[in-house]
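J.: All letters in the sequence shown, in the order written, are residues 256 to 346 by the working numbering.
Below: one structure in structure tokens.
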Amino acid sequence: MYRILLLVLLGILHMNSYSQDWPDWRGPNRDAVWEASGIVELFDSDVIDILWSTPIGPGYSGPTVSKGRVYVTDRLERPVQAERVLCFDEQ
Numbered sequence: 256m257y258r259i260l261l262l263v264l265l266g267i268l269h270m271n272s273y274s275q276d277w278p279d280w281r282g283p284n285r286d287a288v289w290e291a292s293g294i295v296e297l298f299d300s301d302v303i304d305i306l307w308s309t310p311i312g313p314g315y316s317g318p319t320v321s322k323g324r325v326y327v328t329d330r331l332e333r334p335v336q337a338e339r340v341l342c343f344d345e346q
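Here you go:
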């Protein structure tokens, strides 16, 4: 679960900088490729500051970004089993 949350947060950290929507599964071309360049050079250190986070349950999907919103799915096991779609403002 922590790996998924970390991936979600890393993806969200640079959304404002590049504003590339990911409205489809696996990205705009559905190939899981982000075509931005020069990302690594933007980091001044090995540590990335977290701008915001929110607790989500375990899930198997990646974030979908569109029009300033981030959509993720998760699954609750208690009090009853349920799958959810969550929507967050990218700010």
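Using N, Cα and C, we set each Cβ at its ideal position, and we do this for glycine too.
Assign residue 306 to one of three DSSP states: helix, strand, or coil.
T.: In the structure shown, residue 306 sits in coil (DSSP, three-state: anything other than H, G, I, E or B).
J.: Looking only at C-alpha atoms, which of 338, 336, 327, 334 sits nearest to residue 259?
T.: Comparing Cα-Cα distances from residue 259 to each of 338, 336, 327, 334, the minimum goes to 327.
J.: In chain order, what residues of the same chain lie with their CB nearer than 6 Å to the CB of residue 278, ignoring the 5 residues before and after it?
T.: 321, listed in sequence order.
J.: For residue 333, name the three-state secondary structure that DSSP assigns.
T.: DSSP places residue 333 in coil when its eight states are reduced to three.
J.: If you draw a straight line from the alpha carbon of residue 319 to that of residue 276, how long is it in whole angstroms?
T.: In a straight line, the C-alpha of residue 319 is about 8 Å away from that of residue 276.
J.: Can you tell which of 338, 346, 330 has the C-alpha that lies nearest to the C-alpha of residue 323?
T.: Nearest of 338, 346, 330 to residue 323, Cα basis: 346.
J.: Which residue wins for smallest C-alpha separation from residue 281, given the options 316, 337, 292?
T.: Out of 316, 337, 292, 316 has the C-alpha closest to the C-alpha of residue 281.
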